[in-house]
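Numbering (the working numbering), first residue to last: 279 to 895.
All remarks here apply to the structure that follows.
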Amino acid sequence: MEKEMKNHSVISPSESKVEKETGNPSSGIGDENETDMERLTARSRKGGLITIPFIIANEGFEKVASYGLLPNMILYMMNVYHLGFAKANYILFLWSAATNFTPIIGAFLADSYMGRCLTISLGCIISLLGMMLLWLTAMIPGAKPPTCSPPLPCKSATPAQLFFLIASFGLMSIGAGGIRSASMAFGADQLDKRDNAGNQRALESYFGLYYAATTLSVLVALTGIVYIQDHMGWKVGFGVPVILMFLSALIFFLASPIYIKKAATTSLFTGFAQVIVAAYRNRKLALPPPESGYYHHEKGSSYIVPSGKLRFLSKACVLQNPEDVTPSGVASNPWNLCTVQQVEELKALIRAIPIWTTGIMMSINISQSAFPLLQANTMDRHLTSSFEIPAGSFGVFMIITITVWLILYDRVLLPLASKIRGKPVRVGTKLRMGAGLFMTAMAMAVSAIVEHIRRRKAIDQGFLNNPRGLVNMSAMWLVPQNVVAGLAEALNAIGQFEFYYTEFPKSMSSVAASLFGLGMAAGSLLASVLLSAVDKYTKREGKESWVSNNINKGRFDYYYWLLAIMSFINLLYYILCGWLYEPCADQVKKGEVEEKEKELEQRSLRPDSPFRTDATA
């Protein structure tokens with residue numbers, strides 16, 4: 279498959295194997311030429327814009343299906359499976375963590391072993407199986423506990439019933455890891471034709487269309503799917519995502535014959551592991567001077583010598599013997615010798631880790647989606663006398679805020695500021711990330727204030743022992759906290775992406791998305807630990823837990839204040855990390871690469887060089 283991406287004007291003799299695979303054996307020179315022409319014509323028809331609708335539709339339907347299941351899931355687990363709020367939320371946190379972590383594993387498998395097309399295909403099938411399993415929990419009476427019959431206590435779910443439910447979550451997480459890890463890059467593969475003058479513009483348009491479709495999918499999920507669940511029940515509400523996921527898989531498979539399918543290559547994560555192993559094996563070596571020419575680098579690479587930071591890793595690219603490098607310039611054993619670029623990529627990642635950890639607190643705050651759902655469920659959600667907003671749809675205001683802010687920032691605020699100052703104005707990524715962390719702390723403070731008001735009204739209206747009582751308070755009070763949270767995500771999350779893209783070597787562009795997903799996974803895991811700790815320590819001595827099943831008896835406002843305080847402490851930590859951060863090593867400019875290589879080559883020919891051969895003596 280890799281051959282499909284090579285120069286179409288060159289046919290390698292090794293491609294005779296492809297003839298057998300395609301069923302077009304060569305019977306002679308003339309037939310061979312005809313077969314070559316046919317193969318070239320077939321290749322030229324693969325990929326291109328015609329494949330993009332299939333790829334975007336696949337990702338879009340998957341996101342509508344999966345995101346539509348999450349908002350109301352806490353109610354399904356509490357009302358149908360009779361789980362307590364803390365336990366149900368704990369399971370949801372783990373599900374969210376798995377869903378954010380599996381794309382990292384999926385990216386590694388796609389790059390190193392399976393290829394992107396196969397990874398997406400398996401992801402579609404596994405996601406569909408998971409959603410079908412969840413739908414069966416609603417369809418099969420024995421798959422869930424019996425309905426409560428007051429005044430008798432509700433029966434708890436059996437281990438087998440819980441396993442059935444959690445298995446569906448696990449399959450959906452694995453499937454999402456296959457689709458989301460490779461979908462965007464697979465689409466770029468279809469358009470990335472370097473000999474095309476409009477290649478860069480086509481890629482830019484594709485990425486913009488991809489993100490727009492993703493945003494639209496989430497909006498549809500948080501409105502349409504949630505509305506169906508609220509008004510038509512769980513059987514239909516879980517059945518629609520199954521249909522959508524089936525369409526997602528079908529659409530993707532239909533275009534399989536026209537996809538460009540790149541073969542798997544070495545993963546960037548494998549390169550990181552090689553640097554660590556090589557640096558450890560060479561730990562007793564003394565580092566030669568930077569201009570000695572004893573550092574291994576690829577010809578034409580903009581990384582000629584390692585930076586002076588994290589010097590112990592630089593030992594991974596030190597040349598020891600002429601046999602370490604093949605005549606083609608490749609390391610004989612990549613686990614003993616790495617290139618300077620590999621070393622600098624790992625250094626860049628390590629230097630960015632402290633700043634990356636500051637984003638975990640925002641991920642913890644974002645993952646608290648179950649709390650606003652319970653709040654909205656007890657408030658007046660009517661916009662008109664006949665229409666009310668579903669309790670699980672208030673996250674839409676966060677998505678809308680992100681979209682509006684991005685448009686205003688890029689199209690209004692920056693041009694206006696540049697016009698006023700008379701020169702281009704750009705807000706630095708670190709400043710935007712810090713502003714986002716401040717806003718996420720404010721979002722938690724606003725949430726605490728709103729919950730305090732809601733709880734006081736609920737008690738005043740006699741709902742202390744009735745967590746489902748409808749408080750005479752508009753649910754639109756929940757909009758400000760969603761707006762502030764949306765601003766926080768627009769500033770910090772997008773700032774993170776841009777920070778990684780600008781600070782990391784260009785070869786590490788895929789790491790940016792992986793780091794953000796890993797941060798979301800870590801945030802969900804820590805949120806589950808925090809919730810369990812708060813539940814455990816606040817219900818001691820017979821007291822009511824802050825995160826009680828009864829939202830009116832609990833103190834969700836205290837929990838929000840705890841998150842706000844932790845967020846402000848995290849902001850101070852971020853300021854310290856930003857102050858200590860040092861940019862990555864500068865790359866050698868393209869025009870200087872050849873000159874620098876010649877200089878180092880001459881240095882390596884001096885009499886005391888261990889790489890001086892007899893031919894050069």
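Virtual Cβ for every residue (Gly too), placed ideally from N, Cα, C.
(Q) Tell me which residue opens and which closes the alpha helix (DSSP H) that Phe767 is part of. (A) According to the sequence displayed, residue 767 carries Glu and not Phe. Looking at the DSSP string, the run of the alpha helix (DSSP H) that includes Glu767 is Val757 to Glu781.
Q: Whole angstroms is fine: what's the gap from Gly448's alpha carbon to Lys562's?
A: The C-alpha of Gly448 lies about 45 Å from the C-alpha of Lys562.
Q) With DSSP run on the structure shown, which of helix, strand or coil describes Ile452? A) helix
(Q) Between Ser399 and chain C, is the shortest Cβ-Cβ distance under 9 Å, so that the two count as touching? (A) No chain C is part of this structure, which consists of one protein chain only.
Q.
Can you tell me whether Gly586 is buried or exposed? The criterion is at least 16 other CB atoms within 10 Å of its CB, across all chains shown.
A. exposed
Q) Is the CB-CB distance between Trp683 and Leu769 below 9 Å? A) yes
Q: Check whether the stretch 330-342 touches the stretch 454-471, counting contact only when three or more Cβ pairs, one atom from each stretch, lie closer than 8 Å.
A: A contact exists between the stretch 330-342 and the stretch 454-471.
Q) How would you write the range of the alpha helix (DSSP H) that Ser374 sits in, first residue to last? A) Phe363 to Leu387
Q) Is the CB-CB distance between Arg704 and Leu691 below 9 Å? A) no
Q: Note down the Cα distance separating Leu840 from Pro424, rounded to an integer number of angstroms.
A: 37 Å
Q) Helix, strand or coil: how does DSSP classify Glu601 here? A) helix
Q.
Buried or exposed for Thr662, going by 16 or more other Cβ atoms inside 10 Å?
A. Exposed: under 16 other Cβ atoms inside 10 Å.
Q. So Ile685 and Gly764 are in contact, right, with Cβ under 8 Å, and what is the actual spacing, rounded?
A. Actually they do not touch by this definition, with Cβ atoms about 13 Å apart.
Q: Please state whether DSSP places Val871 in a helix, a strand or coil.
A: Residue confidence for Val871 is low, a pLDDT of 45 falling below 50, so the modelled location carries little weight and cannot support an answer.
Q. For Val705, does the three-state DSSP call read helix, strand or coil?
A. Judged by DSSP in its simplified three-state form, Val705 adopts coil rather than helix or strand.
Q. Out of Ser845, Tyr852, Gly832 and Ser671, which has the shortest C-alpha to C-alpha gap to Leu348?
A. Ser671
Q: For Pro632, name the three-state secondary structure that DSSP assigns.
A: helix
Q | Which of helix, strand or coil DSSP assigns to Val514 | A | Secondary structure at Val514: helix, using DSSP grouped into helix, strand and coil.
Q: Mind checking who Val912 pairs with in its DSSP beta bridge?
A: No answer is possible for residue 912: the residues shown for the chain start at 279 and end at 895.
Q. If you compare alpha carbons, which of Gly511, Gln619, Leu525 and Phe675 is closest to Ile582?
A. Answer by Cα proximity: Gln619.
Q) Between which two residues does the alpha helix (DSSP H) carrying Ser427 extend? A) Segment: none, Ser427 is in no alpha helix (DSSP H) and carries neither H nor E.
Q | For Ala654 and Met356, the rounded distance between their alpha carbons | A | 16 Å
Q. So what's Ser845 in DSSP terms, helix, strand or just coil?
A. helix
Q) Excluding sequence positions up to five away, which residues of its chain have a Cβ less than 6 Å from the Cβ of Ile727? A) none
(Q) For Met711 and Gln774, what's the separation of their Cα atoms in angstroms? (A) 7 Å
(Q) Out of Ser374, Val621 and Trp857, which one is the CA nearest neighbour of Gly797? (A) Ser374
Q: Ignore the nearest five residues each way along the sequence and tell me which others in Gly714's own chain have a CB closer than 8 Å to its CB.
A: Met640, Leu765, Ala766, Glu767, Ala768, Leu769, Asn770, Ala771 and Gly773
Q: Within 10 angstroms of the Cβ of Gly258, are there 16 or more other Cβ atoms? Answer buried if so, exposed if not.
A: The displayed coordinates of the chain run from 279 to 895. Any statement about residue 258 would go beyond what the structure contains.
**Q.** Cut-off 6 Å between Cβ atoms - residues of its own chain near Ala669, not counting five sequence neighbours on either side
**A.** Taken in chain order, the residues that qualify are Leu651, Ala654 and Asn655.
Q | Nearest-angstrom Cβ-Cβ length linking Lys371 and Thr415, presumed shorter than 8 Å | A | According to the sequence as given, residue 371 is Phe; it is not Lys. Incorrect: roughly 20 Å between the Cβ atoms, too far for contact.
Q | C-alpha gap between Ala445 and Leu411, whole angstroms | A | 8 Å
(Q) At the level of alpha carbons, what is the spacing between Leu497 and Gly401? (A) Approximately 23 Å between the Cα atoms of the pair.
Q) Given that a residue counts as buried once 16 or more other Cβ atoms are within 10 Å of its Cβ, and exposed if not, what is Asn743? A) exposed
Q: Less than 8 Å between the CB atoms is what I'm expecting for Gly801 and Ile638, so what's the real figure, rounded?
A: By a beta-carbon distance limit of 8 Å, Gly801 contacts Ile638. Their separation comes to about 5 Å.
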